[in-house]
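Participant: All the letters of the sequence shown, read from the start, carry residue numbers 12 to 466 under my numbering.
Using N, Cα and C, we set each Cβ at its ideal position, and we do this for glycine too.
Following this message is one structure expressed as structure tokens.
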Amino acid sequence: MIGQAAEQPKHIVIMGAGLVGSMHAIFLARRGYQVAVYEQLPDIRKERISAGRSINLALANRGIDALDRLGLMAAVEPLLIPMRGRMLHDEHGELKLQSYGQKAEEVIYSVSRAGLVSLLRDAAEATGQVEFFFKHECLSIDFDQNQCEILNKPHDKKLTVHYDYLIGADGGGSQVRASMKALNETEFSAELLDHSYKELNIPAGPNGEFQLDKEALHIWPRGDYMMIGLPNPDASFTLTLFMPNEGEVSFAAINDVATLNKVFDEYFADAKDLIPELETEYFSNPTGYLGTIRCQDWHYKSAVLTGDAAHAIVPFHGQGMNAGFEDCVAMENALEAHSDDWELAMPVFVESRMDNSNAIADMALENYIEMRSTVNDPKFHLKKAIAFELEQRLPDYFIPRYSMVMFHLIPYAEAFARGKIQYRILDELTDGISDVKQVDFDRAERLVKQKLPRL
Ligand SMILES: Cc1cc2nc3c(=O)[nH]c(=O)nc-3n(C[C@H](O)[C@H](O)[C@H](O)COP(=O)(O)OP(=O)(O)OC[C@H]3O[C@@H](n4cnc5c(N)ncnc54)[C@H](O)[C@@H]3O)c2cc1C
């Protein structure tokens, strides 16, 4: 037992048994708390649930760090497929691999959402201090009385559940956040993107083989829209088509089989051949909305928000879960630093995460443009090559922004701020040139040292 909770055990309620709620439960159980986790959905370990969100996710360094702290990485490893870079598919089916990093360990991993959440729930239960209540939906919260009204769905019965502290890990549509807002205790903005997404599937080949390079995140960048594909352990790929809601090529425009086939023939021909159920999947899989939630405060009385409930972001940096896992570590650090005095730890936790969450929200929005469009620009590749060279020459000053976010634990806000300076340096260095050999690296090094503080 790590914390001081053993002397004065407190009862923690976590709302939401998603990735973040399940991970918080493990951290808190390890500190000696009794934890009850309420989840509106059935348990995916026991019942098949049609995925409302992406089937697989990119796991990167921040998420790995959190799993490592819990000693879970060895158990997670069999679920992972390394992705070394972006495999860009042009309209003629030509492929180009663009490495994410430049060191052998600089890869991200595709992981199944259901596999990971099941593993976290198993690990939470194995502590003997966490109890999950599935098919229990939070209806409202009385922050003065420290109690929640919860609907036991199978019995259609309302329960009143007391807590000492409440963690709102109930995702982008958080009821905990809504209850705070109803009392004017927080303000939040929800910026819905005018683009949505839909999942499609490339099954394994006839001999159970991957039909595309399995060690890459595949992207079909088409300017205003794009499709991406991540590998699964069963040799299939889950594709996600991101498109505007309205417009010439959009979810509104593709509303019959002929238009669907025409768009895929024209823009995604190499993928189309590999999606046998394209028509069925396109017209029966749900279209998911995308947005950014920014909250003015995540803490009210004995309740605190975390994960997507506090800061849902668009998925284009593959960081929503990773950021949520980092929240779990931040909460653990705050409790440790304040000897489990929650009154002190909660505001410290919020303070440590707020700017960082806003920064990753902004970077995730920017990355959509990079993935669907900028990757087609030769200048982008030139800048990337120069950035890698500068990282090699001056590793204490210059790390490409993507690497800072994905392969390091540099706070998001710092990565965002340094990234802005770095972009300006790269703009200056690439002005009027078309090849990395034309760069004057002595000047480049001087510029970097002038403009960027040492890391
Ligand atoms: C298309 C897509 C792709 C993504 N790709 C990546 C990626 O590659 N890498 C990455 O890091 N992130 C990715 N994300 C983001 C990631 O999915 C989220 O950041 C992550 O799921 C957040 O976890 P969470 O536990 O905070 O919220 P959620 O996963 O939403 O879990 C919240 C839980 O709370 C439950 N709940 C909600 N309301 C109630 C209630 N009233 N009562 C009880 N329970 C309730 C829900 O059923 C749910 O189980 C992606 C997201 C999308 C949409």
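Exposed or buried, what is N218 when buried is set at 16 or more other beta-carbons lying within 10 Å of its beta-carbon?
Facilitator: Looking up residue 218 in the sequence shown gives position 207. N218 comes out exposed.
Participant: At a cut-off of 7 Å, would you count R429 as near ligand 1, judging by its Cβ distance to the nearest heavy atom?
Facilitator: If you number the sequence shown from 1, residue 429 lands on position 418. Not under cutoff, so the answer is no.
Participant: Count the other CB atoms within 10 Å of the CB of S368; is the residue buried (16 or more) or exposed (fewer)?
Facilitator: Mapped onto the sequence shown, residue 368 falls at position 357. Burial call: buried.
Participant: Can you name, in chain order, every residue of its own chain whose Cβ lies under 8 Å from the Cβ of K192, other than the five neighbours on each side?
Facilitator: Position 181 of the sequence shown, counting from 1, holds the residue named residue 192. Around K192: E198, F199.
Participant: Only counting runs of 3 or more residues, tell me where the beta strand (DSSP E) segments fall wholly within the stretch 52-112, in order along the chain.
Facilitator: Counting only runs of 3 or more, we get 67-70, 92-94, 96-100, 106-110.
Participant: Write down every uninterrupted run of the beta strand (DSSP E) in the stretch 108-140 whose length is 3 residues or greater and which is fully enclosed by it, in chain order.
Facilitator: Those beta strand (DSSP E) runs which fall completely within the stretch 108-140 and span 3+ residues are 119-123.
Participant: Going by C-alpha distance, which of I239, L81, E381 is nearest T138?
Facilitator: Residue mapping note: residue 138 aligns to position 127 of the sequence shown, counting from 1. The option with the nearest alpha carbon to T138 is L81.
Participant: At the level of alpha carbons, what is the spacing between L252 and M238?
Facilitator: Residue numbering aside, residue 252 sits at position 241 when the sequence shown is read from its first letter. Residue numbering aside, residue 238 sits at position 227 when the sequence shown is read from its first letter. So the two alpha carbons sit approximately 4 Å from each other.
Participant: Can you give the Cα-Cα distance for G318 and F144, rounded to whole angstroms?
Facilitator: For this step, residue 318 is matched to residue 307 along the sequence shown. For this step, residue 144 is matched to residue 133 along the sequence shown. Rounded to whole angstroms, G318 to F144 spans 20 Å at the Cα level.
Participant: Specify the secondary structure class of A16 as computed by DSSP and reduced to three states.
Facilitator: In the sequence shown, residue 16 corresponds to position 5, counting from 1. The predicted position of A16 is uncertain, since its pLDDT is 46 and thus under 50; a value taken from the coordinates is nonetheless stated next. Looking at A16 - three-state DSSP - the assignment turns out to be coil, as it is neither helix nor strand.
Participant: Would you list the residues sitting across from L211 in a DSSP beta bridge?
Facilitator: Walking along the sequence shown from the start, residue 211 turns up at place 200. Answer by DSSP bridge pairing, in chain order: L250.
Participant: Ligand 1 heavy atoms versus the CB of D330: any closer than 7 Å?
Facilitator: The residue given as residue 330 occupies position 319 in the sequence shown. Just to set this straight, residue 330 is Gln in the shown sequence, not Asp. Yes - ligand 1 has a heavy atom lying nearer than 7 Å to the Cβ of Q330.
Participant: Are V187 and A36 close, meaning C-beta to C-beta below 8 Å?
Facilitator: The residue given as residue 187 occupies position 176 in the sequence shown. The residue given as residue 36 occupies position 25 in the sequence shown. Cβ atoms of V187 and A36: not closer than 8 Å.
Participant: To the nearest whole angstrom, what separates the beta carbons of I380 and I324, a pair I think is in contact under 8 Å?
Facilitator: Position 369 of the sequence shown, counted from the first residue, corresponds to residue 380. Position 313 of the sequence shown, counted from the first residue, corresponds to residue 324. With 8 Å as the limit, I380 and I324 do not qualify as a contact, their Cβ atoms being about 15 Å apart.
Participant: What three-state label does DSSP hand H322 in the structure shown?
Facilitator: To locate residue 322, count along the sequence shown from 1; it is residue 311. H322: helix per DSSP, three-state reduction.
Participant: Cutting at 7 Å between CB atoms, please list the residues of its own chain near F279, excluding the five before and the five after it.
Facilitator: Sequence index remark: in the sequence shown, residue 279 carries index 268 (1-based). So the list reads W231, M238, once near-sequence residues are dropped.
Participant: Could you please give me the residues that DSSP links to I161 through a beta bridge?
Facilitator: Counted from its first residue, the sequence shown places residue 161 at position 150. According to DSSP, I161 bridges with C149, L170.
Participant: Given this structure, state the Cα-to-Cα distance separating A40 from Q51, to the nearest angstrom.
Facilitator: Position 29 of the sequence shown, counted from the start, is the residue given in the question as residue 40. Position 40 of the sequence shown, counted from the start, is the residue given in the question as residue 51. Distance between the alpha carbons of A40 and Q51 is about 21 Å.
Participant: When we look at the beta-carbon of Y413 and count the other beta-carbons within 10 Å, is it buried (16 or more) or exposed?
Facilitator: Here residue 413 is taken as the residue at index 402 of the sequence shown, counted from 1. Burial call: buried.
Participant: Which residue's Cα is closest to the Cα of A71: L170, V118, H147, Y44?
Facilitator: Position 60 of the sequence shown, counted from the first residue, corresponds to residue 71. If we check each option's Cα against that of A71, V118 comes out closest.
Participant: Using the C-alpha atoms, what's the distance from R429 back to V459?
Facilitator: As a position in the sequence shown, residue 459 is number 448, starting the count at 1. As a position in the sequence shown, residue 429 is number 418, starting the count at 1. Taking the straight line from one Cα to the other gives about 11 Å.
Participant: Return the bridge partner residues of M7 from the DSSP annotation.
Facilitator: Residue 7 cannot be examined here, being either before or after the span of the chain that is shown, 12 to 466.
Participant: So, with DSSP's three-state summary, where would you put Y408?
Facilitator: Counting from 1 along the sequence shown, the entry for residue 408 is found at position 397. Y408: coil per DSSP, three-state reduction.
Participant: With H, G and I counted as helix, E and B as strand and the rest as coil, what does DSSP make of R465?
Facilitator: Your numbering for residue 465 matches position 454 in the sequence shown. Of the three classes helix, strand and coil, the one that applies to R465 here is coil, per DSSP.
Participant: Can you tell me whether DSSP reads V274 as helix, strand or coil?
Facilitator: The residue labelled residue 274 in the question sits at position 263 within the sequence shown. Three-state DSSP puts V274 in a helix.
Participant: With which residues is E202 paired in a DSSP beta bridge?
Facilitator: Counted from its first residue, the sequence shown places residue 202 at position 191. According to DSSP, which records beta bridges pairwise, E202 is partnered with T303.
Participant: Quick one: is the Cβ of T249 within less than 7 Å of any heavy atom of ligand 1?
Facilitator: On the sequence shown, residue 249 is found 238 positions in, with the first residue counted as 1. Result no, Cβ not under 7 Å from ligand 1.
Participant: For N67, is the classification buried or exposed, using 16 other Cβ atoms within 10 angstroms of its Cβ as the cut-off for buried?
Facilitator: Numbered from its first residue, the sequence shown carries residue 67 at position 56. It is buried - the Cβ of N67 has at least 16 other Cβ atoms within 10 Å.
Participant: R233: which of V24, T385, P53 sits nearest, CA to CA?
Facilitator: Reading the sequence shown from its first residue, position 222 is the one you call residue 233. Selected option, being the one with the closest Cα: T385.
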